[in-house]
Amino acid sequence: MSRKYISTAIVGDAHASDILGVAVTKPFTITCSSDGYLKFWENASSDRKLAFDQFVDSLGLHHVTAFEDTVNSKHVLVVATVSFSGKCYLYSYDTTLTALTNLPDQLTNSKISYWACQLTKDPNGERNMLAVTTVTGRTEVFGLSFDEIPQLSYRGTAFANDTSFATCVDGNVIQGGLAVGHQNGCVYVYDLEYLKLIYSFDSFGLKSNVASSSLSTVRCVQFSPDGSLIAVARDSGPYGTVTLYDVKFGETVGSLTMPTHSAAVGIGSYAHNSWCLSVSFNDDGTLIASGGLDNKIRIWNVETKESEAVLIISRTDVADVDKMNEIDKASCVSLGFIDKGVNLAEGRNDGLVVVGFDRAVRWYREAGGI
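Quick note: to get this note's numbering, add 1030 to the position in the sequence shown (first position is 1).
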């Protein structure tokens, strides 16, 4: 089945430097950049106007994650971001002041150097958590509770005796799992309650004569909404792969691949012609979006594992392209599905947001009935 996606809004020159992360909530699309700013873009606005921004760290930001819920009849929005200084910053959004409030700085004062972060919501409100990876292969897990302000409580550290750089993390409370990807290509799945190792998924990508731990770097891991699958984006030499794993049985379900006639690929298969840096499930888990440095966004059917749409990102689709320079490449660094109905004026189909090195934020939606 073929799908069509149309552009709904583009903000060029959205940041002063590369946009390296994006998180989607109902009111906002939140972006982080190596310019050190968090920016909040209004989802309900047709032109996605900037609601407000927050300067965080002069060394720049590379990961952002958001938690959204209703607690005691009050809307709660918590945002975590990590800077190139290795600090993790936590903020709470105050709807009455339309501003961010700094939360306890236990992660910014830590001597540990953090990298990736992920806030995970428990539908029952009992096991909300923040997971942050370190450059030494460990993942620290904190409980997130709410009194007058959100509070963190240290729960433990997940570690599989692998000191390779922990590049990405995701959690799913429904299945009680925590997935961590590493620079050496390994993905470890832990029990969320006891932080004990359950499964490990090794990389079987392309090999090289050159000794390197980064030929199969894991770029992104994400659980499906029901927690039954994990999607893993890995390098395979110069290519990008996406593999699906079954969480219950710890087995490979399959790979998302495009047909190729390239002799360089050998018996391998890939999803992108260059590294795939981000994957995202839609809200019902039937589709996966993957984005790579080949300037392409692919929409995959989870059941058939076939590509149903391809979006080509181009610098020329930005109005203020004259402000760009030669290093502003229109590639995808991070993307995320937007739940159906977030912007009712644009219909009830799936939406998608894409950010990258050209400092633009691009929004799309699936074409079809309104």
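Here a beta-carbon is modelled for each residue, glycine too, at the ideal position from N, C-alpha and C. These numbers come from a predicted model, not from an experiment.
Original post:
Taking C-beta to C-beta, are asparagine 1073 and valine 1272 nearer than 8 Å?
Top reply: Locating residue 1073 in the sequence shown gives position 43, counting from the first residue. Locating residue 1272 in the sequence shown gives position 242, counting from the first residue. Cβ atoms of asparagine 1073 and valine 1272: not closer than 8 Å.
Subject >> For arginine 1157, the residue or residues it bridges with in DSSP >> reply: If you number the sequence shown from 1, residue 1157 lands on position 127. Looking at the DSSP assignment, arginine 1157 forms no beta bridge with any residue, so it has no partner.
Original post:
If you count every other CB in all the chains shown that lies within 10 Å of the CB of lysine 1117, and 16 or more means buried, which is it?
Top reply: Position 87 of the sequence shown, counted from the first residue, corresponds to residue 1117. Lysine 1117 should be labelled buried.
Original post:
Along the chain, which unbroken stretches of the beta strand (DSSP E) at least 3 residues long are found entirely within the segment 1087-1150?
Top reply: 1091-1101, 1104-1113, 1118-1124, 1129-1132, 1144-1150
**OP:** Can you give me the Cβ contacts of glutamate 1170 inside the same chain, cut-off strictly under 6 Å, excluding the 5 residues immediately before and after it?
**Re:** Counted from its first residue, the sequence shown places residue 1170 at position 140. For glutamate 1170, where only same-chain residues beyond five positions count, the Cβ hits under 6 Å are Val1162, Thr1187.
Original post:
Would serine 1308 pass as a contact of leucine 1365 if the rule is Cβ separation under 8 Å?
Top reply: Translated into the one-based positions of the sequence shown, residue 1308 becomes position 278. Translated into the one-based positions of the sequence shown, residue 1365 becomes position 335. Against a cut-off of 8 Å, the Cβ pair of leucine 1365 and serine 1308 comes out as a contact.
**OP:** For the beta strand (DSSP E) holding lysine 1069, just list the boundary residues, first then last.
**Re:** If you number the sequence shown from 1, residue 1069 lands on position 39. Here the beta strand (DSSP E) through lysine 1069 covers 1067-1072.
Original post:
Got a sec? Which residues, its chain only, sit under 7 Å from lysine 1335 by beta carbon, not counting five neighbours each side?
Top reply: One-based indexing of the sequence shown puts residue 1335 at position 305. Hits under 7 Å: Gly1284, Leu1286.
Original post:
Taking the alpha carbon of valine 1108 as the point to measure from, which residue in Leu1227, Lys1141, Gln1181, Asn1214 has its own alpha carbon closest?
Top reply: One-based indexing of the sequence shown puts residue 1108 at position 78. When each option's Cα is compared against that of valine 1108, the closest is Gln1181.
Original post:
In three-state terms, what does DSSP make of arginine 1392?
Top reply: Stepping through the sequence shown from its first residue, residue 1392 is reached at position 362. Reduced to three states, the DSSP call for arginine 1392 is strand.
Original post:
Closest by CA to glycine 1090, which one among Lys1069, Arg1264, Ala1081?
Top reply: The sequence position of residue 1090 within the sequence shown is 60, counting from 1. Glycine 1090 has its Cα closest to that of Lys1069, out of Lys1069, Arg1264, Ala1081.
Original post:
Going straight from the alpha carbon of alanine 1319 to that of threonine 1059, what length do you get?
Top reply: Within the sequence shown, numbered from 1, the residue matching residue 1319 stands at position 289. Within the sequence shown, numbered from 1, the residue matching residue 1059 stands at position 29. Roughly 17 Å separates the two Cα atoms.
Original post:
Looking at arginine 1389 and histidine 1415, is the spacing between their C-beta atoms short of 8 Å?
Top reply: The shown model of the chain, from 1031 to 1400, leaves out residue 1415, and the question about it has no answer.
Original post:
If you drop the 5 nearest sequence neighbours on each side, which residues of the same chain put their C-beta closer than 8 Å to that of glutamate 1333?
Top reply: Numbered from 1 along the sequence shown, position 303 holds the residue referred to as residue 1333. The answer, listed in chain order, is Thr1316.
Original post:
Can you tell me whether DSSP reads arginine 1168 as helix, strand or coil?
Top reply: Here residue 1168 is taken as the residue at index 138 of the sequence shown, counted from 1. Reduced to three states, the DSSP call for arginine 1168 is coil.
Subject >> At least three beta-carbon pairs within less than 8 Å, the segment 1202-1214 to the segment 1251-1268 >> reply: yes
Subject >> Within 8 Å, strictly: CB atoms of glutamate 1338 and serine 1032 >> reply: Locating residue 1338 in the sequence shown gives position 308, counting from the first residue. Locating residue 1032 in the sequence shown gives position 2, counting from the first residue. Contact: yes.
**OP:** Helix, strand or coil for aspartate 1313, going by three-state DSSP, please let me know.
**Re:** Here the question's residue 1313 lines up with position 283 in the sequence shown. DSSP places aspartate 1313 in coil when its eight states are reduced to three.
**OP:** Output the distance between the C-alpha atoms of phenylalanine 1387 and tyrosine 1144, rounded to the nearest integer angstrom.
**Re:** As a first step, residue 1387 must be located in the sequence shown, where it is residue number 357. As a first step, residue 1144 must be located in the sequence shown, where it is residue number 114. Those two C-alpha atoms are separated by around 22 Å.
**OP:** Could you say which of Arg1395, Val1391, Glu1178, Phe1367 lies nearest to asparagine 1379 if we only look at CA atoms?
**Re:** By one-based count along the sequence shown, residue 1379 stands at place 349. Nearest C-alpha to asparagine 1379: Arg1395.
Original post:
Cα-Cα, which of Tyr1300, Lys1226, Asp1083, Pro1289 is closest to valine 1262?
Top reply: Indexing the sequence shown from 1 puts residue 1262 at position 232. For the residues Tyr1300, Lys1226, Asp1083, Pro1289, the minimum Cα distance to valine 1262 belongs to Tyr1300.
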